[in-house]
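Presented below is the structure to which this report refers.
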Amino acid sequence: MIEAFHFLRPWWLLALILPLAIAWLSSRASDTRSQWKGMIEPHLLDSLIVNGSIGSRIRPSWLLALVLMLAILAVAGPTWQRELPPFVEDTAPLVIVVDLSPTMDAIDVTPSRLERAKLKIRDIIAGRAGARTAVIAYAGSAHQVLPLTEDLSLIETYTDALATRIMPVDGKDTARALDLATTVLASQEASGTVVFLTDGVEQKAFDAFKSSTRNGIVVLGIGTSEGGLVKTPDGGLLSDAAGGRVFAKLDVEALKTLHAVTGADVATMTDDDTDVRWVLQKIRTNFAQKQAAEGDRWRDMGWWMLVPLVFFFLLSFRKGWVVRVGAVFLAARLLLPAEAEAADWVGMWLTPDQQGRLAYEKGDFGAAATHFADPMWRGTALYRAGKFAEAVDAFATVDSAESWYDQGNALLQIGKLDEAVVAYGKALDKRKGWPDAIANLAIAKTLIQQKKDAEEEQQDQPNLPPDSVQFDDKGKQGKAGQMTIAEQTSDLWMKNIVVSPADLMARKFAIEAQRAKP
(Lines of atoms letter the chains of each structure in order from A and count residues from 1; the text may use other names and numbers.)
(Lines give C-alpha, C1' and ligand atoms only; values in the text may rest on other atoms or scores of the structure.)
Protein backbone atom coordinates (compact mmCIF):
# COMPACT_ATOMS: atom_id res chain seq x y z
CA MET A 1 0.00 0.00 0.00
CA ILE A 2 2.86 2.39 0.84
CA GLU A 3 4.53 1.65 -2.50
CA ALA A 4 1.32 2.48 -4.37
CA PHE A 5 0.64 5.72 -2.44
CA HIS A 6 0.58 8.81 -4.64
CA PHE A 7 -1.53 11.88 -5.40
CA LEU A 8 -3.97 12.02 -8.31
CA ARG A 9 -3.54 15.80 -8.66
CA PRO A 10 -0.02 16.46 -7.36
CA TRP A 11 0.19 20.02 -8.68
CA TRP A 12 -2.20 21.06 -5.91
CA LEU A 13 0.61 20.35 -3.42
CA LEU A 14 2.25 23.59 -4.54
CA ALA A 15 -0.57 25.37 -2.73
CA LEU A 16 0.90 24.14 0.58
CA ILE A 17 3.06 27.25 0.37
CA LEU A 18 0.02 29.28 1.43
CA PRO A 19 -0.63 27.68 4.88
CA LEU A 20 3.12 27.61 5.56
CA ALA A 21 3.32 31.32 4.74
CA ILE A 22 0.34 32.03 7.01
CA ALA A 23 1.97 30.18 9.90
CA TRP A 24 5.29 31.99 9.36
CA LEU A 25 3.71 35.44 9.10
CA SER A 26 1.59 34.70 12.17
CA SER A 27 4.65 33.77 14.21
CA ARG A 28 6.40 36.96 13.10
CA ALA A 29 3.36 39.07 13.95
CA SER A 30 3.06 37.58 17.43
CA ASP A 31 6.72 38.21 18.28
CA THR A 32 6.40 41.59 20.02
CA ARG A 33 10.09 41.80 20.87
CA SER A 34 11.17 41.56 17.20
CA GLN A 35 8.68 44.28 16.25
CA TRP A 36 9.97 46.84 18.80
CA LYS A 37 13.64 45.96 19.08
CA GLY A 38 14.59 48.55 16.44
CA MET A 39 12.67 51.30 18.20
CA ILE A 40 13.30 50.75 21.93
CA GLU A 41 16.51 50.09 23.73
CA PRO A 42 16.93 46.46 24.76
CA HIS A 43 17.33 47.21 28.50
CA LEU A 44 14.03 49.13 28.46
CA LEU A 45 12.20 46.68 26.17
CA ASP A 46 12.35 43.88 28.74
CA SER A 47 10.55 46.06 31.26
CA LEU A 48 7.91 47.29 28.83
CA ILE A 49 6.83 43.94 27.34
CA VAL A 50 4.13 42.02 29.20
CA ASN A 51 3.97 38.37 28.08
CA GLY A 52 0.59 36.62 27.95
CA SER A 53 -0.12 33.33 29.66
CA ILE A 54 1.51 30.45 27.76
CA GLY A 55 -0.85 27.86 26.27
CA SER A 56 -3.98 29.77 27.20
CA ARG A 57 -5.48 29.54 23.70
CA ILE A 58 -4.94 28.14 20.21
CA ARG A 59 -3.87 30.78 17.76
CA PRO A 60 -6.49 31.18 15.01
CA SER A 61 -3.78 31.59 12.40
CA TRP A 62 -2.33 28.18 13.22
CA LEU A 63 -5.77 26.60 13.04
CA LEU A 64 -6.41 28.31 9.70
CA ALA A 65 -3.09 27.01 8.36
CA LEU A 66 -3.94 23.47 9.49
CA VAL A 67 -7.41 23.62 7.88
CA LEU A 68 -5.93 24.89 4.61
CA MET A 69 -3.25 22.20 4.65
CA LEU A 70 -5.83 19.42 5.08
CA ALA A 71 -8.02 20.92 2.35
CA ILE A 72 -5.10 21.07 -0.09
CA LEU A 73 -4.08 17.48 0.64
CA ALA A 74 -7.68 16.36 0.10
CA VAL A 75 -7.95 18.20 -3.22
CA ALA A 76 -4.61 16.71 -4.34
CA GLY A 77 -6.30 13.30 -4.22
CA PRO A 78 -4.27 10.90 -2.06
CA THR A 79 -4.72 7.30 -3.16
CA TRP A 80 -3.12 3.90 -2.72
CA GLN A 81 -5.53 1.44 -4.36
CA ARG A 82 -7.26 1.06 -7.69
CA GLU A 83 -10.98 1.15 -8.27
CA LEU A 84 -12.43 -1.98 -9.86
CA PRO A 85 -14.15 -1.59 -13.23
CA PRO A 86 -17.95 -1.31 -12.74
CA PHE A 87 -18.95 -4.11 -15.14
CA VAL A 88 -16.43 -6.79 -14.23
CA GLU A 89 -17.79 -9.93 -12.60
CA ASP A 90 -16.88 -10.52 -8.98
CA THR A 91 -15.95 -14.17 -9.51
CA ALA A 92 -12.64 -15.25 -10.95
CA PRO A 93 -12.51 -17.47 -14.06
CA LEU A 94 -10.68 -20.71 -13.34
CA VAL A 95 -8.93 -23.25 -15.55
CA ILE A 96 -8.36 -26.67 -13.96
CA VAL A 97 -5.46 -28.50 -15.62
CA VAL A 98 -5.37 -32.22 -14.92
CA ASP A 99 -2.25 -34.33 -15.42
CA LEU A 100 -3.13 -37.56 -17.27
CA SER A 101 0.37 -38.96 -17.63
CA PRO A 102 0.67 -42.70 -16.75
CA THR A 103 2.10 -42.04 -13.27
CA MET A 104 -1.24 -40.51 -12.25
CA ASP A 105 -2.48 -44.09 -12.01
CA ALA A 106 -0.11 -44.74 -9.10
CA ILE A 107 -1.83 -46.27 -6.09
CA ASP A 108 0.18 -44.62 -3.30
CA VAL A 109 -3.14 -42.90 -2.45
CA THR A 110 -6.45 -44.71 -2.64
CA PRO A 111 -7.94 -45.54 -5.02
CA SER A 112 -5.35 -43.80 -7.25
CA ARG A 113 -3.81 -40.38 -7.79
CA LEU A 114 -6.15 -39.58 -10.66
CA GLU A 115 -9.26 -40.66 -8.79
CA ARG A 116 -8.20 -38.57 -5.81
CA ALA A 117 -7.64 -35.60 -8.15
CA LYS A 118 -11.20 -36.02 -9.46
CA LEU A 119 -12.54 -35.80 -5.91
CA LYS A 120 -10.55 -32.61 -5.35
CA ILE A 121 -12.02 -31.14 -8.55
CA ARG A 122 -15.54 -31.87 -7.30
CA ASP A 123 -14.80 -30.05 -4.04
CA ILE A 124 -13.20 -27.08 -5.82
CA ILE A 125 -16.10 -26.47 -8.21
CA ALA A 126 -18.61 -26.99 -5.38
CA GLY A 127 -16.95 -24.10 -3.57
CA ARG A 128 -17.31 -21.83 -6.62
CA ALA A 129 -21.06 -21.87 -7.29
CA GLY A 130 -21.92 -19.50 -10.13
CA ALA A 131 -18.30 -19.09 -11.26
CA ARG A 132 -16.97 -20.10 -14.66
CA THR A 133 -14.55 -23.00 -14.86
CA ALA A 134 -12.73 -24.63 -17.79
CA VAL A 135 -10.96 -28.01 -17.79
CA ILE A 136 -7.78 -29.03 -19.64
CA ALA A 137 -6.17 -32.46 -19.73
CA TYR A 138 -2.55 -33.03 -20.66
CA ALA A 139 0.21 -35.59 -20.94
CA GLY A 140 2.57 -35.37 -23.91
CA SER A 141 -0.06 -33.13 -25.53
CA ALA A 142 -2.60 -30.72 -24.07
CA HIS A 143 -6.31 -30.62 -24.91
CA GLN A 144 -9.32 -28.62 -23.79
CA VAL A 145 -11.93 -30.81 -22.16
CA LEU A 146 -14.46 -28.03 -21.53
CA PRO A 147 -14.49 -24.28 -22.20
CA LEU A 148 -15.36 -21.84 -19.43
CA THR A 149 -18.79 -22.81 -18.13
CA GLU A 150 -20.97 -22.45 -15.04
CA ASP A 151 -22.61 -25.86 -15.54
CA LEU A 152 -21.34 -27.87 -12.56
CA SER A 153 -23.01 -31.09 -13.66
CA LEU A 154 -21.30 -30.87 -17.05
CA ILE A 155 -17.91 -30.35 -15.41
CA GLU A 156 -18.47 -33.30 -13.09
CA THR A 157 -19.57 -35.55 -15.98
CA TYR A 158 -16.45 -34.91 -18.03
CA THR A 159 -13.92 -34.81 -15.22
CA ASP A 160 -15.26 -38.10 -13.87
CA ALA A 161 -14.61 -39.59 -17.32
CA LEU A 162 -10.93 -38.53 -17.41
CA ALA A 163 -8.50 -41.41 -17.76
CA THR A 164 -4.87 -41.76 -18.71
CA ARG A 165 -5.79 -44.02 -21.63
CA ILE A 166 -7.54 -41.23 -23.55
CA MET A 167 -4.33 -39.25 -24.10
CA PRO A 168 -2.91 -39.71 -27.62
CA VAL A 169 0.68 -38.74 -26.79
CA ASP A 170 2.75 -40.20 -23.95
CA GLY A 171 5.01 -38.11 -21.71
CA LYS A 172 4.40 -34.85 -19.89
CA ASP A 173 4.40 -31.34 -21.40
CA THR A 174 3.30 -28.98 -18.64
CA ALA A 175 4.43 -25.88 -20.56
CA ARG A 176 2.05 -26.69 -23.42
CA ALA A 177 -0.80 -27.16 -20.97
CA LEU A 178 -0.05 -23.78 -19.41
CA ASP A 179 -0.02 -22.13 -22.86
CA LEU A 180 -3.43 -23.60 -23.62
CA ALA A 181 -4.81 -22.45 -20.26
CA THR A 182 -3.45 -18.95 -20.91
CA THR A 183 -5.17 -18.95 -24.30
CA VAL A 184 -8.48 -19.92 -22.69
CA LEU A 185 -8.21 -17.02 -20.23
CA ALA A 186 -6.92 -14.51 -22.79
CA SER A 187 -10.43 -13.70 -24.01
CA GLN A 188 -11.61 -12.82 -20.49
CA GLU A 189 -11.63 -9.24 -19.22
CA ALA A 190 -10.90 -10.38 -15.68
CA SER A 191 -7.69 -12.14 -14.78
CA GLY A 192 -8.10 -15.73 -13.74
CA THR A 193 -6.28 -18.59 -12.06
CA VAL A 194 -4.79 -21.79 -13.46
CA VAL A 195 -4.86 -24.74 -11.04
CA PHE A 196 -2.63 -27.72 -11.85
CA LEU A 197 -3.45 -31.10 -10.34
CA THR A 198 -0.31 -33.08 -11.06
CA ASP A 199 2.27 -35.42 -9.57
CA GLY A 200 5.17 -33.28 -10.78
CA VAL A 201 6.29 -30.41 -12.99
CA GLU A 202 9.33 -30.94 -15.19
CA GLN A 203 12.11 -28.38 -14.88
CA LYS A 204 11.96 -27.41 -18.55
CA ALA A 205 8.50 -25.94 -17.88
CA PHE A 206 9.78 -23.49 -15.24
CA ASP A 207 10.45 -20.77 -17.83
CA ALA A 208 6.82 -20.93 -18.99
CA PHE A 209 5.66 -20.50 -15.38
CA LYS A 210 7.93 -17.48 -14.89
CA SER A 211 6.71 -15.77 -18.07
CA SER A 212 3.02 -16.22 -17.21
CA THR A 213 2.21 -13.09 -15.19
CA ARG A 214 -1.37 -12.09 -16.04
CA ASN A 215 -3.04 -15.05 -14.36
CA GLY A 216 -2.38 -16.67 -11.01
CA ILE A 217 -0.91 -20.18 -10.98
CA VAL A 218 -1.62 -22.75 -8.28
CA VAL A 219 -0.05 -26.21 -8.24
CA LEU A 220 -1.54 -28.97 -6.08
CA GLY A 221 0.73 -31.99 -5.88
CA ILE A 222 -1.15 -35.31 -6.01
CA GLY A 223 0.61 -38.30 -4.44
CA THR A 224 3.04 -39.04 -1.62
CA SER A 225 6.78 -38.74 -1.25
CA GLU A 226 6.89 -42.47 -0.41
CA GLY A 227 5.39 -43.30 -3.83
CA GLY A 228 3.56 -46.37 -5.07
CA LEU A 229 3.13 -48.81 -7.93
CA VAL A 230 1.43 -47.67 -11.13
CA LYS A 231 -1.67 -49.41 -12.47
CA THR A 232 -2.40 -50.14 -16.10
CA PRO A 233 -5.77 -49.27 -17.71
CA ASP A 234 -6.83 -52.91 -17.50
CA GLY A 235 -6.19 -53.09 -13.75
CA GLY A 236 -2.76 -54.68 -13.78
CA LEU A 237 0.57 -53.15 -12.77
CA LEU A 238 2.71 -51.16 -15.20
CA SER A 239 6.09 -52.59 -16.12
CA ASP A 240 9.14 -50.87 -17.57
CA ALA A 241 11.23 -52.01 -20.55
CA ALA A 242 13.25 -54.35 -18.34
CA GLY A 243 10.13 -56.01 -17.00
CA GLY A 244 10.29 -54.41 -13.57
CA ARG A 245 7.37 -52.74 -11.86
CA VAL A 246 7.09 -48.97 -12.33
CA PHE A 247 7.26 -47.13 -9.01
CA ALA A 248 6.34 -43.42 -8.90
CA LYS A 249 7.07 -40.88 -6.17
CA LEU A 250 5.85 -37.33 -5.68
CA ASP A 251 8.95 -35.10 -5.91
CA VAL A 252 8.18 -32.61 -3.15
CA GLU A 253 11.58 -30.93 -3.42
CA ALA A 254 10.97 -30.22 -7.11
CA LEU A 255 7.68 -28.55 -6.22
CA LYS A 256 9.45 -26.40 -3.62
CA THR A 257 12.00 -25.43 -6.25
CA LEU A 258 9.16 -24.50 -8.61
CA HIS A 259 7.74 -22.13 -5.99
CA ALA A 260 11.15 -20.60 -5.25
CA VAL A 261 12.05 -20.07 -8.92
CA THR A 262 8.70 -19.03 -10.42
CA GLY A 263 6.67 -17.72 -7.47
CA ALA A 264 3.79 -20.08 -8.22
CA ASP A 265 1.68 -21.13 -5.25
CA VAL A 266 2.49 -24.77 -4.48
CA ALA A 267 1.05 -27.27 -2.00
CA THR A 268 0.52 -31.00 -1.68
CA MET A 269 -2.79 -32.78 -1.25
CA THR A 270 -4.25 -33.57 2.16
CA ASP A 271 -6.67 -36.28 3.24
CA ASP A 272 -9.22 -33.70 4.38
CA ASP A 273 -10.44 -30.53 2.65
CA THR A 274 -7.59 -28.33 3.88
CA ASP A 275 -5.96 -28.36 0.46
CA VAL A 276 -9.26 -27.47 -1.27
CA ARG A 277 -9.86 -24.52 1.06
CA TRP A 278 -6.28 -23.38 0.39
CA VAL A 279 -6.84 -23.57 -3.37
CA LEU A 280 -10.10 -21.59 -3.14
CA GLN A 281 -8.43 -18.94 -1.00
CA LYS A 282 -5.58 -18.60 -3.50
CA ILE A 283 -8.09 -18.21 -6.34
CA ARG A 284 -9.87 -15.40 -4.48
CA THR A 285 -6.59 -13.73 -3.51
CA ASN A 286 -5.18 -13.87 -7.04
CA PHE A 287 -8.40 -12.43 -8.43
CA ALA A 288 -8.48 -9.55 -5.94
CA GLN A 289 -4.81 -8.69 -6.48
CA LYS A 290 -5.01 -8.83 -10.26
CA GLN A 291 -8.22 -6.82 -10.38
CA ALA A 292 -6.74 -4.19 -8.08
CA ALA A 293 -3.66 -3.98 -10.29
CA GLU A 294 -5.70 -3.81 -13.51
CA GLY A 295 -8.35 -1.33 -12.37
CA ASP A 296 -9.06 1.51 -14.76
CA ARG A 297 -8.95 4.25 -12.13
CA TRP A 298 -7.35 4.93 -8.79
CA ARG A 299 -9.75 5.36 -5.88
CA ASP A 300 -9.71 8.96 -4.63
CA MET A 301 -9.26 8.81 -0.84
CA GLY A 302 -9.18 12.57 -0.33
CA TRP A 303 -12.78 12.70 0.80
CA TRP A 304 -11.82 10.86 4.03
CA MET A 305 -10.02 14.06 5.05
CA LEU A 306 -13.32 15.92 5.12
CA VAL A 307 -14.07 14.60 8.61
CA PRO A 308 -11.08 16.20 10.38
CA LEU A 309 -11.35 19.18 8.05
CA VAL A 310 -14.91 19.93 9.14
CA PHE A 311 -13.97 19.49 12.79
CA PHE A 312 -11.07 21.92 12.64
CA PHE A 313 -13.06 24.34 10.53
CA LEU A 314 -15.72 24.50 13.23
CA LEU A 315 -13.05 25.41 15.77
CA SER A 316 -11.95 28.29 13.57
CA PHE A 317 -15.20 30.21 14.07
CA ARG A 318 -14.72 33.46 15.89
CA LYS A 319 -16.87 34.53 18.82
CA GLY A 320 -20.42 35.24 17.67
CA TRP A 321 -20.10 33.27 14.40
CA VAL A 322 -21.63 30.16 15.94
CA VAL A 323 -24.85 32.08 16.58
CA ARG A 324 -24.96 33.46 13.05
CA VAL A 325 -24.22 30.12 11.36
CA GLY A 326 -26.71 28.40 13.67
CA ALA A 327 -29.39 30.90 12.68
CA VAL A 328 -28.74 30.20 8.99
CA PHE A 329 -29.02 26.41 9.48
CA LEU A 330 -32.16 26.84 11.62
CA ALA A 331 -33.82 28.97 8.94
CA ALA A 332 -32.89 26.38 6.27
CA ARG A 333 -34.34 23.63 8.45
CA LEU A 334 -37.62 25.50 8.89
CA LEU A 335 -37.99 26.50 5.23
CA LEU A 336 -36.87 23.31 3.49
CA PRO A 337 -38.51 19.88 3.77
CA ALA A 338 -36.44 17.13 5.30
CA GLU A 339 -35.77 15.37 1.98
CA ALA A 340 -34.63 18.56 0.28
CA GLU A 341 -32.42 19.42 3.24
CA ALA A 342 -30.76 15.99 3.15
CA ALA A 343 -30.24 16.22 -0.59
CA ASP A 344 -28.71 19.70 -0.34
CA TRP A 345 -26.43 18.57 2.47
CA VAL A 346 -25.21 15.54 0.52
CA GLY A 347 -24.83 17.66 -2.59
CA MET A 348 -22.41 19.91 -0.75
CA TRP A 349 -19.89 17.08 -0.43
CA LEU A 350 -20.58 14.54 -3.20
CA THR A 351 -20.76 14.86 -6.97
CA PRO A 352 -23.86 13.52 -8.78
CA ASP A 353 -21.94 10.41 -9.86
CA GLN A 354 -20.80 9.81 -6.28
CA GLN A 355 -24.37 10.16 -5.04
CA GLY A 356 -25.51 7.78 -7.74
CA ARG A 357 -22.81 5.28 -6.78
CA LEU A 358 -23.98 5.30 -3.16
CA ALA A 359 -27.58 4.64 -4.21
CA TYR A 360 -26.41 1.96 -6.67
CA GLU A 361 -24.45 0.08 -4.00
CA LYS A 362 -27.53 0.18 -1.74
CA GLY A 363 -29.59 -1.43 -4.49
CA ASP A 364 -31.76 1.66 -5.10
CA PHE A 365 -31.22 1.65 -8.87
CA GLY A 366 -34.07 4.03 -9.65
CA ALA A 367 -32.61 6.74 -7.41
CA ALA A 368 -29.13 6.00 -8.74
CA ALA A 369 -30.29 6.63 -12.31
CA THR A 370 -31.60 10.08 -11.36
CA HIS A 371 -28.23 11.05 -9.88
CA PHE A 372 -25.73 9.64 -12.39
CA ALA A 373 -24.34 12.13 -14.88
CA ASP A 374 -22.19 9.49 -16.57
CA PRO A 375 -24.41 7.97 -19.31
CA MET A 376 -22.96 4.46 -18.99
CA TRP A 377 -23.57 4.39 -15.25
CA ARG A 378 -27.04 5.91 -15.72
CA GLY A 379 -27.87 3.30 -18.34
CA THR A 380 -26.63 0.50 -16.09
CA ALA A 381 -28.77 1.75 -13.21
CA LEU A 382 -31.82 1.98 -15.47
CA TYR A 383 -31.14 -1.55 -16.74
CA ARG A 384 -30.92 -2.89 -13.20
CA ALA A 385 -34.15 -1.04 -12.37
CA GLY A 386 -35.91 -2.82 -15.24
CA LYS A 387 -36.34 0.35 -17.33
CA PHE A 388 -34.82 -1.17 -20.45
CA ALA A 389 -36.15 1.33 -23.01
CA GLU A 390 -34.74 4.25 -21.02
CA ALA A 391 -31.47 2.35 -20.61
CA VAL A 392 -31.17 2.08 -24.40
CA ASP A 393 -31.54 5.87 -24.69
CA ALA A 394 -28.84 6.41 -22.07
CA PHE A 395 -26.38 3.98 -23.66
CA ALA A 396 -27.05 5.46 -27.11
CA THR A 397 -25.33 8.72 -26.14
CA VAL A 398 -21.98 6.91 -26.13
CA ASP A 399 -20.42 5.39 -29.24
CA SER A 400 -18.28 2.55 -27.89
CA ALA A 401 -18.18 -1.24 -28.01
CA GLU A 402 -19.44 -1.46 -24.42
CA SER A 403 -22.31 0.95 -25.15
CA TRP A 404 -23.50 -1.02 -28.19
CA TYR A 405 -23.19 -4.27 -26.24
CA ASP A 406 -25.30 -2.88 -23.38
CA GLN A 407 -27.83 -1.54 -25.88
CA GLY A 408 -28.11 -5.03 -27.34
CA ASN A 409 -28.78 -6.49 -23.90
CA ALA A 410 -31.49 -3.93 -23.17
CA LEU A 411 -33.09 -4.39 -26.61
CA LEU A 412 -33.08 -8.12 -26.06
CA GLN A 413 -35.01 -7.62 -22.81
CA ILE A 414 -37.80 -5.65 -24.52
CA GLY A 415 -38.07 -8.09 -27.42
CA LYS A 416 -36.53 -5.93 -30.16
CA LEU A 417 -34.49 -8.82 -31.49
CA ASP A 418 -33.53 -7.39 -34.89
CA GLU A 419 -32.29 -4.16 -33.32
CA ALA A 420 -30.37 -6.20 -30.74
CA VAL A 421 -28.60 -8.10 -33.54
CA VAL A 422 -27.59 -4.79 -35.11
CA ALA A 423 -26.30 -3.49 -31.77
CA TYR A 424 -24.21 -6.61 -31.10
CA GLY A 425 -22.84 -6.38 -34.63
CA LYS A 426 -21.69 -2.80 -34.06
CA ALA A 427 -20.12 -3.82 -30.74
CA LEU A 428 -18.14 -6.51 -32.58
CA ASP A 429 -17.12 -4.00 -35.26
CA LYS A 430 -15.51 -1.87 -32.58
CA ARG A 431 -14.10 -4.77 -30.58
CA LYS A 432 -13.19 -7.76 -32.69
CA GLY A 433 -13.71 -11.25 -31.27
CA TRP A 434 -15.48 -10.14 -28.06
CA PRO A 435 -16.72 -13.50 -26.63
CA ASP A 436 -19.65 -12.04 -24.67
CA ALA A 437 -20.95 -10.12 -27.69
CA ILE A 438 -20.54 -13.16 -29.93
CA ALA A 439 -22.47 -15.34 -27.46
CA ASN A 440 -25.31 -12.83 -27.04
CA LEU A 441 -25.49 -12.28 -30.81
CA ALA A 442 -25.96 -16.02 -31.27
CA ILE A 443 -28.73 -15.99 -28.65
CA ALA A 444 -30.51 -13.12 -30.40
CA LYS A 445 -30.33 -14.86 -33.77
CA THR A 446 -31.61 -18.08 -32.22
CA LEU A 447 -34.58 -16.25 -30.70
CA ILE A 448 -35.34 -14.65 -34.06
CA GLN A 449 -35.30 -18.04 -35.76
CA GLN A 450 -37.50 -19.54 -33.06
CA LYS A 451 -39.96 -16.70 -33.50
CA LYS A 452 -40.05 -17.24 -37.27
CA ASP A 453 -40.56 -20.98 -36.82
CA ALA A 454 -43.41 -20.36 -34.39
CA GLU A 455 -45.07 -17.92 -36.82
CA GLU A 456 -44.75 -20.39 -39.71
CA GLU A 457 -46.16 -23.19 -37.59
CA GLN A 458 -49.08 -21.00 -36.60
CA GLN A 459 -49.77 -20.17 -40.26
CA ASP A 460 -49.75 -23.86 -41.19
CA GLN A 461 -52.41 -24.61 -38.57
CA PRO A 462 -55.87 -23.32 -39.70
CA ASN A 463 -57.99 -21.45 -37.24
CA LEU A 464 -60.88 -23.83 -36.65
CA PRO A 465 -63.86 -23.17 -34.43
CA PRO A 466 -63.85 -25.18 -31.18
CA ASP A 467 -64.82 -28.86 -31.45
CA SER A 468 -65.04 -28.76 -35.28
CA VAL A 469 -63.95 -31.68 -37.43
CA GLN A 470 -62.70 -31.61 -41.02
CA PHE A 471 -62.03 -34.48 -43.42
CA ASP A 472 -59.29 -34.36 -46.03
CA ASP A 473 -60.39 -36.27 -49.09
CA LYS A 474 -57.14 -35.46 -50.87
CA GLY A 475 -55.31 -37.67 -48.45
CA LYS A 476 -56.86 -40.70 -50.11
CA GLN A 477 -55.15 -39.76 -53.34
CA GLY A 478 -51.72 -39.43 -51.82
CA LYS A 479 -48.88 -41.87 -52.38
CA ALA A 480 -48.29 -44.22 -49.50
CA GLY A 481 -44.97 -43.72 -47.81
CA GLN A 482 -42.60 -46.68 -47.67
CA MET A 483 -39.50 -47.45 -45.62
CA THR A 484 -37.20 -50.33 -46.35
CA ILE A 485 -35.90 -52.71 -43.71
CA ALA A 486 -32.40 -51.33 -44.25
CA GLU A 487 -33.60 -47.78 -43.60
CA GLN A 488 -35.45 -48.90 -40.47
CA THR A 489 -32.38 -50.74 -39.17
CA SER A 490 -30.14 -47.77 -39.90
CA ASP A 491 -32.56 -45.41 -38.16
CA LEU A 492 -32.73 -47.62 -35.06
CA TRP A 493 -28.93 -48.03 -35.08
CA MET A 494 -28.39 -44.26 -35.14
CA LYS A 495 -30.83 -43.80 -32.25
CA ASN A 496 -29.06 -46.43 -30.15
CA ILE A 497 -25.52 -45.11 -30.56
CA VAL A 498 -24.10 -44.37 -27.11
CA VAL A 499 -20.65 -42.86 -26.85
CA SER A 500 -19.16 -42.41 -23.40
CA PRO A 501 -17.54 -39.07 -22.57
CA ALA A 502 -14.18 -40.83 -22.21
CA ASP A 503 -14.37 -42.33 -25.72
CA LEU A 504 -15.57 -39.00 -27.10
CA MET A 505 -12.61 -37.19 -25.57
CA ALA A 506 -10.19 -39.88 -26.75
CA ARG A 507 -11.35 -39.43 -30.36
CA LYS A 508 -11.28 -35.64 -30.10
CA PHE A 509 -7.79 -35.59 -28.57
CA ALA A 510 -6.47 -38.02 -31.20
CA ILE A 511 -7.76 -35.83 -34.02
CA GLU A 512 -6.26 -32.70 -32.43
CA ALA A 513 -2.91 -34.41 -31.91
CA GLN A 514 -2.90 -35.59 -35.53
CA ARG A 515 -3.61 -32.08 -36.79
CA ALA A 516 -0.86 -30.65 -34.59
CA LYS A 517 1.79 -32.79 -36.23
CA PRO A 518 4.00 -30.84 -38.67
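For our numbering, add 483 to where a residue sits in the sequence shown, where the first one is 1.
Virtual Cβ for every residue (Gly too), placed ideally from N, Cα, C.
Classify residue i as helix, strand or coil using the three-state DSSP reduction.
{"i": "P561", "result": "strand"}
{"i": "P576", "result": "coil"}
{"i": "Q627", "result": "strand"}
{"i": "K687", "result": "helix"}
{"i": "D582", "result": "strand"}
{"i": "W917", "result": "coil"}
{"i": "K714", "result": "strand"}
{"i": "L680", "result": "strand"}
{"i": "S595", "result": "coil"}
{"i": "L733", "result": "coil"}
{"i": "L703", "result": "strand"}
{"i": "S883", "result": "coil"}
{"i": "I994", "result": "helix"}
{"i": "F878", "result": "helix"}
{"i": "A612", "result": "coil"}
{"i": "D748", "result": "strand"}
{"i": "A906", "result": "helix"}
{"i": "T642", "result": "helix"}
{"i": "R767", "result": "helix"}
{"i": "V550", "result": "helix"}
{"i": "S722", "result": "strand"}
{"i": "T647", "result": "helix"}
{"i": "I619", "result": "strand"}
{"i": "T929", "result": "helix"}
{"i": "R760", "result": "helix"}
Roughly how many angstroms separate the alpha carbons of residue i and residue j, rounded to a whole number?
{"i": "V701", "j": "S695", "result": "12 Å"}
{"i": "D591", "j": "T745", "result": "28 Å"}
{"i": "M966", "j": "L629", "result": "Low confidence applies here, because M966 scores a pLDDT of 45, under 50, leaving its location unreliable and the question unanswered by this model."}
{"i": "V994", "j": "A614", "result": "Inspection of the sequence shows that residue 994 is occupied by Ile rather than by Val. When rounded, the distance between both Cα atoms is 30 Å."}
{"i": "Q837", "j": "F855", "result": "8 Å"}
{"i": "I649", "j": "F992", "result": "8 Å"}
{"i": "L947", "j": "K935", "result": "Per-residue confidence for L947 stands at a pLDDT of 48, beneath the threshold of 50, marking its modelled position as unreliable; the derived number appears in the next sentence. Cα-Cα distance, rounded: 22 Å."}
{"i": "T929", "j": "F679", "result": "37 Å"}
{"i": "V806", "j": "W563", "result": "Any reading at V806 must be qualified, since the residue scores a pLDDT of 49, below 50, and its modelled position is unreliable; the value itself is stated next. About 40 Å."}
{"i": "A985", "j": "Y641", "result": "8 Å"}
{"i": "L924", "j": "T834", "result": "36 Å"}
{"i": "Q932", "j": "G846", "result": "36 Å"}
{"i": "I638", "j": "K909", "result": "33 Å"}
{"i": "L911", "j": "R998", "result": "30 Å"}
Considering Cα atoms alone, identify which of the options is closest to residue i.
{"i": "A557", "options": "W494, I608, A612", "result": "W494"}
{"i": "E873", "options": "K928, P858, L841", "result": "P858"}
{"i": "S509", "options": "A893, L547, N698, L900", "result": "L547"}
{"i": "W787", "options": "I555, Q933, W507, A925", "result": "I555"}
{"i": "L551", "options": "V793, K603, A750", "result": "V793"}
{"i": "K913", "options": "P791, S883, D919", "result": "S883"}
{"i": "Q764", "options": "S708, T676, F692", "result": "T676"}
{"i": "P918", "options": "Y888, I897, K899, I931", "result": "Y888"}
{"i": "E685", "options": "S708, G711, G654, E709", "result": "G654"}
{"i": "G699", "options": "K687, L661, R990", "result": "L661"}
{"i": "G610", "options": "V759, A996, G704", "result": "V759"}
{"i": "A996", "options": "T757, D606, G623", "result": "G623"}
{"i": "V881", "options": "G898, T863, I897", "result": "T863"}
{"i": "K1000", "options": "P651, T740, K732", "result": "P651"}
{"i": "D717", "options": "T647, V875, W781", "result": "T647"}
{"i": "A612", "options": "D634, D901, D756, E902", "result": "D634"}
{"i": "A737", "options": "F730, A750, G727", "result": "A750"}
Between the beta-carbon of residue i and the beta-carbon of residue j, is there less than 9 Å?
{"i": "T586", "j": "R599", "result": "no"}
{"i": "V762", "j": "A664", "result": "no"}
{"i": "V904", "j": "G916", "result": "no"}
{"i": "L865", "j": "A850", "result": "no"}
{"i": "D783", "j": "L491", "result": "yes"}
{"i": "L583", "j": "L645", "result": "yes"}
{"i": "D748", "j": "H742", "result": "yes"}
{"i": "L1011", "j": "A927", "result": "Residue 1011 falls outside the range modelled here, since the chain spans only 484 to 1001, and no answer is possible."}
{"i": "H489", "j": "M988", "result": "no"}
{"i": "L496", "j": "A559", "result": "yes"}
{"i": "A658", "j": "D690", "result": "yes"}
{"i": "A906", "j": "I766", "result": "no"}
{"i": "A589", "j": "G710", "result": "yes"}
{"i": "A617", "j": "L631", "result": "yes"}
{"i": "I897", "j": "F871", "result": "yes"}
{"i": "G785", "j": "M752", "result": "no"}
Provide the residue span of the alpha helix (DSSP H) that contains residue i, from first to last.
{"i": "A660", "result": "657-669"}
{"i": "F488", "result": "Counting along the chain, F488 falls outside any alpha helix (DSSP H), and DSSP gives it neither H nor E."}
{"i": "R1009", "result": "Lying before the first or after the last residue shown, residue 1009 is absent from the chain, which here runs from 484 to 1001."}
{"i": "A850", "result": "848-854"}
Please find out if some non-hydrogen atom of the ligand FMN comes closer than 8 Å to the beta-carbon of residue i.
{"i": "L763", "result": "As presented, the structure is devoid of all ligands, the ligand FMN included, so that no description of it is given."}
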